[in-house]
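Beneath this line is the structure, given in structure tokens, with notes to follow.
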Amino acid sequence: MTKIIKDVETAAREISAGNLVALPTETVYGLGANALDADAVLKIYEVKERPKFNPLIVHVHSVNDIEKYASNIPEVVYNLMEEFSPGPITYILERKDIIPDIVCAGLETVAIRIPSHELFREVLELTGLPVSAPSANRFGRVSPTSAEDVLKELDGRIEYILDGGKCEIGIESTVVSYVNDTLEILRPGYISKEDIEKVAGKVEERSTSGKINSPGMIKYHYSPRTPLYITGYENMDKYRDMENIGILDVKRYDDIKELAVNLFSEMRELDERGYNYIVTSKVKNEGIGRAVNDRLYRAARGFILNVNNEMKFIEK
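Residues in the sequence shown are numbered consecutively from 1466, following this note's numbering.
Okay, here's the thing in structure tokens:
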């Protein structure tokens, strides 16, 4: 049976011993393992049932640590680190050979970030190790934002969950890559395109398809077991009183940051109520709204229309 603990030293000792521990971050809870231990990292893929073509993010304590595991770091990335790290931003960089292939899905790059959550940083400091930590849930399912969420997903599959309370941000980190003199956002997150452009100038955005060289790029991801469909907000009232339909109302939050913090927990709560479908809508596609829309799109089975009072489903 999996134990929820508050002892950072136990968590650090388990990571150092090659075991898995679910760890709190400022974004979502991660399933942590020593990133230099290929056997430990393999356990992540096995416990999550995650495909090995999907790379992991490596978490480190400082910029100096990033330099241990990545090469040829461009000046623009140093500028972003100075502004946003520690924090919810991940950098795709040329990797050094010390990082095992399994961490990077065989790519020549490594996804790496400096988390800001105090407990995770203590684990990094105590172990002196880089820690791979994808979301602590079954692959493709709703990301966990509390220790209790992790327990529901992975009870009996891991020994320990380090309880750091509810995650402050609630959605995964922004992922950026710098290739061919172009800065590109591969996954939108809490740190927005507008935030990054204030530091680095023009930033491109990767489409939802293409080569998977970063976590979070798979078409179906963050999904509840209950089929989730997207509609226009003006159509939401048509579904509110329908039996067996759960409503994820993005407009009930005045602050988009508050929506982001609660997005996955609301999705998980609706999923547990036994509805036939969950219906939601997108938000304004700017700032953190881009990240919210990305998570909704990837979580969704498709789109729903109401035609002459009949529901029409369009698969993604």
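Glycine residues also receive a C-beta, built at the ideal position from the N, C-alpha and C atoms.
Just so you know, these numbers come straight off a predicted model, no measurement behind them.
Sub-8 Å separation of Pro-1599 and Ile-1522 beta-carbons: yes
As assigned by DSSP and simplified to three states, the class of Leu-1627: strand
Rounded separation between Val-1575 and Gly-1739 - CA only: 40 Å
Collapsed DSSP secondary structure at Lys-1777 in the structure displayed: strand
Simplified DSSP assignment, three categories, for Leu-1651: strand
DSSP bridge partner residues for Lys-1468 (one or two, in chain order): Tyr-1625
Identity of the residues DSSP links to Tyr-1643 by a beta bridge: Leu-1648
Within 8 Å, strictly: CB atoms of Arg-1766 and Leu-1713: no
With 16 other Cβ atoms within 10 Å as the buried cut-off, status of Val-1644: exposed
CB of Pro-1553 within 8 Å of CB of Ile-1634, strictly: yes
Whole-angstrom distance between Ala-1756 and Leu-1735, CA atom to CA atom: 20 Å
Other residues of its chain near Val-1528: CB distance less than 8 Å, five sequence neighbours each side excluded: Tyr-1543, Met-1546, Ser-1550, Ile-1579
Minimum Cβ-Cβ distance from Asp-1646 to chain D less than 8 Å: Looking at the structure shown, chain D is missing, and only one protein chain is on hand.
Cβ-based burial, Ser-1536 [other Cβ within 10 Å; buried from 16]: exposed
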